[in-house]
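These protein sequence lines are chains A and B, in that order. Numbering (the numbering used here) for the first sequence: -3 to 109. Numbering (the numbering used here) for the second sequence: 174 to 287. Glycine residues also receive a C-beta, built at the ideal position from the N, C-alpha and C atoms. Since the structure is predicted, the reported quantities are computational estimates derived from the model, not experimental observations. First up is the structure itself, then whatever we jot down about it.
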Amino acid sequence: GNSVTQMEGPVTLSEEAFLTINCTYTATGYPSLFWYVQYPGEGLQLLLKATKADDKGSNKGFEATYRKETTSFHLEKGSVQVSDSAVYFCALRGLTNAGKSTFGDGTTLTVKP
Amino acid sequence: DTAVSQTPKYLVTQMGNDKSIKCEQNLGHDTMYWYKQDSKKFLKIMFSYNNKELIINETVPNRFSPKSPDKAHLNLHINSLELGDSAVYFCASSPSTGGNEKLFFGSGTQLSVL
Chain A
-3 GNSVTQMEGP VTLSEEAFLT INCTYTATGY PSLFWYVQYP GEGLQLLLKA TKADDKGSNK
57 GFEATYRKET TSFHLEKGSV QVSDSAVYFC ALRGLTNAGK STFGDGTTLT VKP
Chain B
174 DTAVSQTPKY LVTQMGNDKS IKCEQNLGHD TMYWYKQDSK KFLKIMFSYN NKELIINETV
234 PNRFSPKSPD KAHLNLHINS LELGDSAVYF CASSPSTGGN EKLFFGSGTQ LSVL
């Protein structure tokens, strides 16, 4: 079955530091890949997505590239802010399996001033 | 207007009680979901409905019963609540079961069973 493995947290960074959160996946076929962000006390919201190999998703300074050869979708940001403190989830969604999305375990990011 | 709204936001109850959580989406989506998030933030799908038809039913105790009266609503009823049911429950929706569609989440219902 499908699975997503995320870098374990928590991650603590200073403001303006570089962020990488690793994500690798196992799936049949060619899934779409997503990063969702959950701010404290809120539901998840889409941060970015990529639907095919070599696509790069980007939003709010975050980027991730769909790497089929390494089955990865690592999240990066060049300079984090305190407001980026949240839980980040990597997810995949296949063409089959009734629209079921598979989520990683989440990575908690804390950015200190 | 909130796209996916669920009520109540907080639910505190005693073991053995029966409770319901309601969810409504005003996005015109065909597909709705219930997810459970535990204290470690792990997110697990419970159920999914497409056009009022149950299409995903994960390994969930049969004390949990979803109901979809129409495409815009998906409710979750829980019988005989147990301590281990304490979690945050999220409703979500998507336009269909298509593989490249994102999920729209509600803000969650924090259930505490005492």
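- Residues of the stretch 45 to 64 of chain A with a C-beta less than 8 Å from any C-beta of chain B: LYS45, THR47, listed in chain order.
- B/LYS192 is the residue among B/ASN235, B/LYS192, B/GLN187 whose C-alpha sits nearest the C-alpha of B/THR180.
- Linking B/SER267 to B/ILE194 through their CA atoms gives a straight-line distance of about 19 Å.
- Beta-bridge analysis with DSSP links A/GLY53 to A/ALA60.
- About 7 Å separates the Cβ atoms of A/LEU29 and A/TYR21, confirming a contact at the 8 Å cut-off.
- Residues of chain B with a Cβ closer than 8 Å to the Cβ of A/VAL83 are, in chain order, LYS214.
- Cβ-Cβ separation between B/GLY271 and A/GLY25: approximately 14 Å, too far for a contact (criterion under 8 Å).
- With respect to A/VAL83, A/LEU9 sits apart: the two C-beta atoms are not nearer than 9 Å.
- Linking B/VAL233 to B/ILE251 through their CA atoms gives a straight-line distance of about 11 Å.
- Within the stretch 176 to 207 of chain B, no run of alpha helix (DSSP H) reaches 4 residues while sitting entirely inside it.
- Around the C-beta of B/PRO242, fewer than 16 other C-beta atoms lie within 10 Å, and the residue is accordingly described as exposed.
- Rounded to the nearest angstrom, the gap between the Cα atoms of A/HIS70 and B/TRP207 is 27 Å.
- Residue pairing by DSSP puts A/ARG89 in a beta bridge opposite A/SER28, A/SER97.
- Secondary structure of A/ASP80 (DSSP, three-state): helix.
- Around the Cβ of A/ASP80, a 10 Å sphere holds 16 or more other Cβ atoms; the residue is buried.
- In this structure, the CA atom of A/LEU88 is about 34 Å from the CA atom of B/SER253.
- Within chain A, SER28, LYS45, THR47, ARG89 have C-beta atoms less than 8 Å from the C-beta of B/ASN273, given in sequence order.
- With a cutoff of 9 Å on beta-carbon distance, B/ASN224 and B/LYS244 are scored as near each other.
- The shortest CA-to-CA distance from A/PHE99 to any of A/VAL7, A/ALA23, A/PRO6, A/GLU11 is the one to A/ALA23.
- Residue pairing by DSSP places A/VAL33 opposite A/GLN41, A/TYR84 in a beta bridge.
- Bridge partners of B/ASP243 according to DSSP: B/HIS246.
- Proximity of chain A to B/ILE228 at the Cβ level (cut-off 7 Å) is accounted for by ALA94, in chain order.
- The Cβ atoms of A/ALA13 and A/SER54 do not sit closer than 9 Å to each other.
- Here B/HIS246 has GLU197 as same chain residues with Cβ atoms under 6 Å from its own Cβ, once five neighbours each way along the sequence are excluded.
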